[in-house]
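One structure is given here, and the rest of the page talks about it.
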Amino acid sequence: MNDSNPILEVSDLRKSFGAVEALRGASLVCPAGEVTALVGDNGAGKSTLIRCITGVHPASGGSIRFKGNEVAFNAPTEARHLGIETVYQDLALVEDLTVWQNMYLNREITHGWGPLRWLDRRGMIAQTEAKLGRLLVNMPPVKAKVRRLSGGQRQSISIGRAASWGSALVIMDEPTAALGLRERGAVETLIGNLRGEGIAQLVISHDLEQVMRISDSVWVMRGGQTIAHWRTSEVDRTQIVAAIAGGDRKA
Amino acid sequence: MRPASYLTNKLRDPGFWGDNAAVIGLIVICCIFSVLTPTFLTWANISDLLVSASILLVLAMAQQFVIVTGGIDLSIGSSLPWAAVIFGLTFNSYHSIPLAIVAAIVSGMAVGLVNGLIIAKLKVNDFIATLGMLGVMNGLALIVSGGQSFAVDSPFLQNLVLGSIGPIRYFYLVALLIAGLSYLVFTYTPFGTHVLATGGNHDAARNMGISTDRMRILVYLIGGGLVGVAAVLMVARTGGSDPSMQTSQLLTSIASVVLGGSSLFGGRAGILGTVAGALVLTTLLVGFTLLQVSEYYQPMAVGIVVIAAAVLSRLQR
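Line by line, the protein sequences are chains A and B. The opening residue of the first sequence carries number 1 in our numbering; numbering runs sequentially from there. The opening residue of the second sequence carries number 252 in our numbering; numbering runs sequentially from there.
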């Protein structure tokens, strides 16, 4: 395994909600410039693991190391400040705002001071074009409202936004679940571009064909634990399915 | 693209009609009334019309800030007479117009702050919280004033109503300045963007680190302050403050915002539309009066226009 430059290292993470143990020892490693896939059945604990990594839920035990330092986030904003961006299934976009307004939401470039700050609209529009233009093949007009974009364009904007803020790690929850074939292709190209930028990516996906296409390593979760992991080039789909269903185990 | 074909494309786009329903409606109504009555399109009548629309316009701006977050402020119905009473009491006690103006605005903001805190911190639905405050403030205005009206005689207020800079009267200049400032806030400030995001997608705004509770408190606070300004205009126009004043401005302020194309679900601010909405409702009433149409027909016409605008707004982009 290429763990020489791990951005994120999760070890034996545990999380309980009252008497329910949602995580019972989850571990994974996300190296820089790689796509790490996280797979598992519904209820395996994937979303809980992501929420613990990003500070939505505090972990009950275990450790999270980010860029070599142990971290414990109490809020998603703390994780974001360190460079962990998450693209949720709902994309966290405001439909009635434009692409550039979404891109700079709560990170606006302003002139003036104190309460008398006004937006540098031109600057943000130009920078959005530059940032997204570098990542997206077919960039939508940045002055368009998100409401007018297709599902694939919205997904690309959301991922592009996450990747553009100097993030070291982008976590994506089912990034292509609601997309058609062509749009799925565009998002996968974007994920490939981010790999080229040296950004670590953690992708939750139920689509094993896609996992085989885009990922460098695969981690399988079952019953709140990571029970197997491989380099993607060294495994086939049948082995992953068997692990998800309760077969093969490889540490 | 040539200007002619650009215009043709615009006119063929249903979204254009939906986005500009109130402005188009205002132009159509003005055309109809100017044909039916020759005095309608005189500057004197337009100026009077703008004066009549001013209080509604300021209240509609107050409502606009709240509605952008997906909220609604029903307490306007009683916070307007409440702020007017505070203005009257302060003026009659201290004979100071600046102090009375500040007192009216602060008393409006106090109501807004309580609304905001109940809604954002105690998680009470906007409709219920402000409906409750409608009753509370109605009672409080009566208690504080002892049920008495106050006459307010001030040259400053008379000048505010009757004075002008050239042909432009101070009274509606205040309202138009507030509308202009509101436009600048929503278009050019981070605060405006955060308010729009709070109403457009509450979870997304929170995920991006925006304090949505703070935004909701602030819009009610600003709305309350604007109600205070509207109260000053009302006292200036009527020459006194009446705690039991029954105002129809609550519903028309909401109607102006809806007519202007803003969604009651939040996320959209159409300042020009809201101004046009307030002018449409006022123009209908003024036009009917000029035509000597029975006042029984006036609320009907207003209701039909609001419904028509809501139908047209379904075409919005």
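Glycine residues also receive a C-beta, built at the ideal position from the N, C-alpha and C atoms.
Beta carbon proximity, residue i to chain A, threshold 8 Å
{"i": "ILE318/B", "result": "no"}
{"i": "TYR548/B", "result": "no"}
{"i": "LEU541/B", "result": "no"}
{"i": "LEU563/B", "result": "no"}
{"i": "ASN452/B", "result": "yes"}
{"i": "TYR439/B", "result": "yes"}
{"i": "ILE429/B", "result": "no"}
{"i": "ARG263/B", "result": "no"}
{"i": "THR444/B", "result": "yes"}
Within-8 Å CB hit, residue i to chain B
{"i": "VAL71/A", "result": "no"}
{"i": "GLN210/A", "result": "no"}
{"i": "LEU119/A", "result": "yes"}
{"i": "GLN101/A", "result": "yes"}
{"i": "ALA251/A", "result": "With a pLDDT of only 43 at ALA251/A, under the threshold of 50, the placement of this residue in the model should not be trusted, and no figure is reported."}
{"i": "THR77/A", "result": "yes"}
{"i": "VAL94/A", "result": "yes"}
{"i": "THR110/A", "result": "yes"}
{"i": "LEU179/A", "result": "no"}
{"i": "MET1/A", "result": "Bear in mind that a pLDDT of 44 at MET1/A, under 50, signals an unreliable position, so the number given afterwards is only what the model happens to contain. False, the Cβ-Cβ gap to chain B never drops below 8 Å."}
{"i": "ASP173/A", "result": "no"}
Beta carbon of residue i nearer than 8 Å to that of residue j
{"i": "GLY321/B", "j": "PHE516/B", "result": "yes"}
{"i": "LYS145/A", "j": "TRP100/A", "result": "no"}
{"i": "LEU49/A", "j": "ALA200/A", "result": "no"}
{"i": "ARG154/A", "j": "LEU93/A", "result": "yes"}
{"i": "LEU528/B", "j": "ALA311/B", "result": "Here residue 528/B is Gly; the residue named in the question, Leu, does not match the sequence. Yes, the Cβ-Cβ distance between GLY528/B and ALA311/B is below 8 Å."}
{"i": "GLY152/A", "j": "LEU169/A", "result": "no"}
{"i": "GLU188/A", "j": "THR444/B", "result": "no"}
{"i": "ILE244/A", "j": "ASP120/A", "result": "no"}
{"i": "LEU214/A", "j": "VAL87/A", "result": "One detail in the question is off: residue 214/A reads as Ile in this sequence, not Leu. It is not a contact, given that the beta carbons lie outside the stated cut-off."}
{"i": "TRP219/A", "j": "LEU28/A", "result": "yes"}
{"i": "ALA335/B", "j": "ALA482/B", "result": "yes"}
{"i": "THR534/B", "j": "ILE280/B", "result": "yes"}
{"i": "LEU411/B", "j": "TYR421/B", "result": "yes"}
{"i": "ALA430/B", "j": "ILE522/B", "result": "yes"}
Residue i at chain E interface by Cβ criterion, 8 Å
{"i": "GLU21/A", "result": "Looking at the structure shown, chain E is missing, and the protein chains on hand are A and B."}
Residue i in three-state terms, based on DSSP
{"i": "ASP464/B", "result": "helix"}
{"i": "TRP294/B", "result": "helix"}
{"i": "HIS346/B", "result": "coil"}
{"i": "LEU38/A", "result": "strand"}
{"i": "LEU202/A", "result": "strand"}
{"i": "LYS145/A", "result": "strand"}
{"i": "GLN543/B", "result": "coil"}
{"i": "TRP100/A", "result": "helix"}
{"i": "ASN74/A", "result": "coil"}
{"i": "PHE267/B", "result": "helix"}
{"i": "VAL20/A", "result": "strand"}
{"i": "ARG249/A", "result": "Confidence at ARG249/A is low in this model, with a pLDDT of 48, below 50, so its placement is unreliable and the value that follows should be read with caution. Three-state result, ARG249/A: coil."}
{"i": "ARG420/B", "result": "strand"}
{"i": "ALA529/B", "result": "helix"}
{"i": "LEU28/A", "result": "strand"}
Reference residue i, options the options, closest by Cα
{"i": "GLY224/A", "options": "LEU23/A, LYS15/A, LEU119/A and ARG195/A", "result": "LEU23/A"}
{"i": "GLU129/A", "options": "LEU190/A, GLN89/A, ILE171/A and GLY160/A", "result": "GLY160/A"}
{"i": "SER514/B", "options": "VAL274/B, VAL319/B and LEU287/B", "result": "VAL319/B"}
{"i": "ASP464/B", "options": "SER492/B, PHE437/B, ALA561/B and LEU368/B", "result": "LEU368/B"}
{"i": "ILE505/B", "options": "VAL395/B, ILE327/B, VAL353/B and GLY450/B", "result": "ILE327/B"}
{"i": "LEU536/B", "options": "ARG519/B, THR503/B and ALA561/B", "result": "THR503/B"}
{"i": "LEU116/A", "options": "ALA335/B, ALA313/B and THR440/B", "result": "THR440/B"}
{"i": "SER507/B", "options": "VAL486/B, ILE306/B and ALA334/B", "result": "ILE306/B"}
{"i": "PRO406/B", "options": "TYR423/B, VAL562/B and ARG488/B", "result": "ARG488/B"}
{"i": "LEU292/B", "options": "VAL486/B, GLY554/B, VAL544/B and GLY538/B", "result": "GLY538/B"}
{"i": "ALA79/A", "options": "ARG122/A, PHE66/A and LEU91/A", "result": "PHE66/A"}
{"i": "ALA392/B", "options": "THR438/B, SER329/B and GLY414/B", "result": "SER329/B"}
{"i": "GLY33/A", "options": "LEU208/A, GLU234/A and ILE191/A", "result": "ILE191/A"}
{"i": "ALA37/A", "options": "ARG222/A, GLY246/A and ILE171/A", "result": "ILE171/A"}
Residue i, enclosing beta strand (DSSP E) - first and last residue
{"i": "VAL218/A", "result": "217–222"}
{"i": "MET172/A", "result": "169–173"}
{"i": "ARG14/A", "result": "6–17"}
{"i": "GLY112/A", "result": "110–113"}
{"i": "ILE227/A", "result": "225–231"}
The alpha helix (DSSP H) enclosing residue i, as first and last residue numbers
{"i": "ALA272/B", "result": "272–287"}
{"i": "LEU413/B", "result": "406–413"}
{"i": "GLU129/A", "result": "121–135"}
{"i": "ALA448/B", "result": "441–451"}
{"i": "GLY62/A", "result": "That residue, GLY62/A, is in no alpha helix (DSSP H); its beta strand (DSSP E) goes 61–66."}
{"i": "LEU181/A", "result": "181–196"}
{"i": "VAL508/B", "result": "500–510"}
{"i": "ILE84/A", "result": "No alpha helix (DSSP H) holds ILE84/A; the beta strand (DSSP E) holding it covers 84–87."}
Any non-hydrogen atom of the ligand GDP closer than 7 Å to residue i Cβ
{"i": "LEU563/B", "result": "No copy of the ligand GDP occurs in the structure displayed, which carries no ligand at all."}
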